[in-house]
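Numbering (my numbering), first residue to last: 480 to 728.
Here's the structure, in structure tokens; my notes come after.
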Amino acid sequence: MRIIAFYSPKGGVGKTAAAVNMAYLASRENIRTLLWDLDPQGAASFYLAGAEVVKGRKLSKLLEGKSPIARFIHEDVYPNLDFIPAHSSFRNFDIKHEHDEGHNVLKDLLAPLSEDTSLVVLDCPPTLSRLTEQVLEMADKVYVPVVPTWLSLNSWNQLREFVKDKKLGNKKLRPFFSMVDRRKNLHREILAQPAELLGAPVNAAVPYASVVERMGEEGQPLELLAPNSPAAVEFRKLWVSVRKDLWAR
480 MRIIAFYSPK GGVGKTAAAV NMAYLASREN IRTLLWDLDP QGAASFYLAG
530 AEVVKGRKLS KLLEGKSPIA RFIHEDVYPN LDFIPAHSSF RNFDIKHEHD
580 EGHNVLKDLL APLSEDTSLV VLDCPPTLSR LTEQVLEMAD KVYVPVVPTW
630 LSLNSWNQLR EFVKDKKLGN KKLRPFFSMV DRRKNLHREI LAQPAELLGA
680 PVNAAVPYAS VVERMGEEGQ PLELLAPNSP AAVEFRKLWV SVRKDLWAR
């Protein structure tokens, strides 16, 4: 079972849209996939299947080890794609596990799924917390959306320093450009120097587009909503890189 995370310390950078689309594209290739929305705001529920279709349950019993994770999974939201919706109770994760040094609670929770699940996609809240540390520790790769602005680049550098300080493994960080607006001079200038600014970014640049925002309104992954859109093309490029990162021969 491979585990990937979509994370940024900065909110509003297209993280959830990327997580949902990667999970859906994986399921389309018959990869048994679980998408877990760890962000209490629950945006993945809107993007994946609409708020009325998939609602989360209180997660306190799961975090306390009193209820198995299988009870929280919505199976086959799409073929081969299971989903654990967010719930506001998950914001208490850090309080409940602040003293669990050396014990990765998330890894333990997911362990029973390893026989039936090939890929876990984690959509993470934009915080630097104990939850963040556990995600960064357990994930095989962490994909970080970076808007081509100096503020977003500063957040990227802060994340790299955090990972280095905690000895969590900088090599697993995989940045990619997100919410790109090529009409802006700054965006074009930053896109022209990816290696200097990001190190080894994924070869994808997801555009800022109204069709991505419509995912929340329509409750569909972009591959269903607008497969011929430039954003869908870039998400497919991102998926090719994810697949290569995880299953390179």
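Beta carbons are placed, not taken as given, at the ideal position from N, Cα and C, and that holds for glycine.
- In the DSSP assignment, Tyr622 is bridged to Phe485 and Arg653.
- The beta carbon of Trp515 lies closer than 6 Å to those of Ile563 and Leu601 in the same chain, with the five residues before and after it left out.
- Its Cα nearest to that of Ile510, the residue Ile482 stands out among Ile482, Trp629 and Leu665.
- Just so you know, the alpha carbons of Gln613 and Thr606 end up roughly 12 Å apart.
- Around the beta carbon of Asp644, fewer than 16 other beta carbons sit within 10 angstroms, so the residue counts as exposed.
- Of the residues assessed, Leu517 falls on the buried side of the cut-off, its CB having 16 or more other CB atoms within 10 angstroms.
- The beta-bridge partner set that DSSP reports for Leu513 consists of Asp561 and Val599.
- Around Ser546, the same chain offers Lys540 as residues with beta carbons nearer than 6 Å, after the five sequence neighbours per side are excluded.
- The DSSP-derived three-state label of Ala497 is helix.
- Of all C-beta pairs linking the stretch 580–597 to the stretch 610–625, three or more are shorter than 8 Å, placing the two stretches in contact.
- Between Val685 and Ala710, the gap from beta carbon to beta carbon is short of 7 Å.
- The Cβ-Cβ distance between Leu513 and Thr596 falls below 7 Å.
- A distance below 6 Å between beta-carbons, with the five flanking residues on each side excluded, links Gln672 to no residue of its chain.
- Counting every other CB atom within 10 Å of its CB across the protein chains shown gives Glu713 a total of 16 or more, marking it as buried.
- In the structure shown, the three-state DSSP call for Val492 is coil.
- Here the C-alpha atom of Arg667 lies approximately 27 Å from the C-alpha atom of Lys620.
- Under the 10 Å beta carbon count, Trp718 is surrounded by 16 or more other beta carbons and is classified as buried.
- For the pair Ala484 and Pro624, the CB atoms are not nearer than the 7 Å cut-off.
- Sequence-distant partners of Ala688 (beyond 5 residues in either direction) whose C-beta falls short of 6 Å from its own C-beta, in its chain, are Ala710.
- Per the C-alpha coordinates, the member of Phe641, Lys494 and Asn707 positioned closest to Arg609 is Phe641.
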